[in-house]
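Residue numbers (the working numbering): 45 to 264. Since the structure comes first, as structure tokens, the remarks are kept for the end.
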């Protein structure tokens, strides 16, 4: 797998480049992993509903062909775009999503943070009351998101066994634009980043750690 660190790039040209790469690739095309960050932008998935876009202010809104609802990308977030041939890798979409999430979990673990999955809600979450512990909030009839903050969002596209779009990890961001949406379609869902959890790191270090874990999990 070839890893390309793109730095800060505009969202729409990157989206177009992913589609063009996927459309042109053959069975022999090497897989790639693009690591980048974007200027402020809201992106809507194929299932995206207008009511989840509460107050976009002056932030652009882009319709995409990935799965999922609405999310936000901005400076201080590591966005990873794996461009893979799943058939050549010998896995299906469910396993692919599991491996993406596992790479994020291991990246967080390297910083001493424990991430969690929530059934039916792709992405990775943190127990806000105890981000370094391993327990989830508990209680009778508990909202599955109660006490959690979302630290990584996931949205993918698979066409003819080939993937694009990917996963975004919040490192050190202005989190206020997340207040303008129902993140991933969940009203009131809190969003968090490593900096708010007390982790001191920079974009390049976090990108390298996530990229290394993704390459490990997504290479033959």
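We put the beta carbon where it would ideally sit given N, CA and C, even for glycine.
Check: Looking only at its own chain, which residues have a Cβ that is under 7 Å from the Cβ of residue 193, when we skip the five neighbours before and after it?
Finding: 169, 170, 172, 234, 235, 236
Margin query: Nearest by alpha-carbon distance to residue 228: which of 137, 218, 164, 264 is it?
Written below: 164
Item checked: Buried or exposed by the 16-neighbour rule on C-beta atoms within 10 Å, applied to residue 46 -> exposed
Checklist line | Cβ neighbours of residue 224 in the same chain (closer than 8 Å, five flanking residues each side left out) | finding: 86, 97, 98, 99, 100, 101, 103, 116
Next item on the list: Kindly identify the DSSP beta-bridge partner or partners of residue 78.
Entry: According to DSSP, which records beta bridges pairwise, residue 78 is partnered with 48, 125.
Checklist line | Cut-off 6 Å between Cβ atoms - residues of its own chain near residue 251, not counting five sequence neighbours on either side | finding: 79, 122
Item checked: Pairwise C-alpha distance: residue 150 and residue 206 -> Approximately 24 Å, taken between the alpha carbons.
Checklist line | Own chain, CB closer than 6 Å to residue 178, minus 5 neighbours either side, in chain order | finding: So the list reads 158, once near-sequence residues are dropped.
Check: In angstroms, rounded to a whole number, what distance separates the CA positions of residue 244 and residue 118?
Finding: 18 Å
Item checked: Best match in 152, 232, 255 for proximity to residue 188 [C-alpha to C-alpha] -> The option with the nearest alpha carbon to residue 188 is 232.
Check: Among 120, 248, 141, which one has its Cα closest to the Cα of residue 218?
Finding: 120
Check: Residue range of the beta strand (DSSP E) that residue 209 falls in?
Finding: 206-214
Notebook entry, point to check: Between residue 254 and residue 213, which are expected to be in contact by the criterion C-beta below 8 Å, what is the C-beta distance as a whole number of angstroms?
Noted result: 6 Å
Check: Does the distance from the C-beta atom of residue 110 to that of residue 261 stay below 8 Å?
Finding: no
Margin query: Using 8 Å as the threshold, is the C-beta distance between residue 84 and residue 52 below it?
Written below: no
Notebook entry, point to check: Taking only beta-carbon atoms, is residue 76 less than 8 Å away from chain B?
Noted result: The structure shown contains no chain B; it holds only a single protein chain.
Item checked: Start and end residues, beta strand (DSSP E) containing residue 85 -> 85-88
Notebook entry, point to check: Could you give the C-beta distance for residue 161 and residue 145, rounded to a whole number, given that I count them as a contact under 8 Å?
Noted result: Contact holds; Cβ gap of about 6 Å.
Notebook entry, point to check: For residue 131, does the three-state DSSP call read helix, strand or coil?
Noted result: helix
Check: Out of curiosity, what's the CA-to-CA distance linking residue 258 and residue 216?
Finding: 20 Å
Next item on the list: Measure the C-alpha to C-alpha separation of residue 191 and residue 180 and round it to an integer number of angstroms.
Entry: 8 Å
Next item on the list: Name the residue from 152, 249, 136, 263 whose alpha carbon lies nearest to the alpha carbon of residue 241.
Entry: For the residues 152, 249, 136, 263, the minimum Cα distance to residue 241 belongs to 152.
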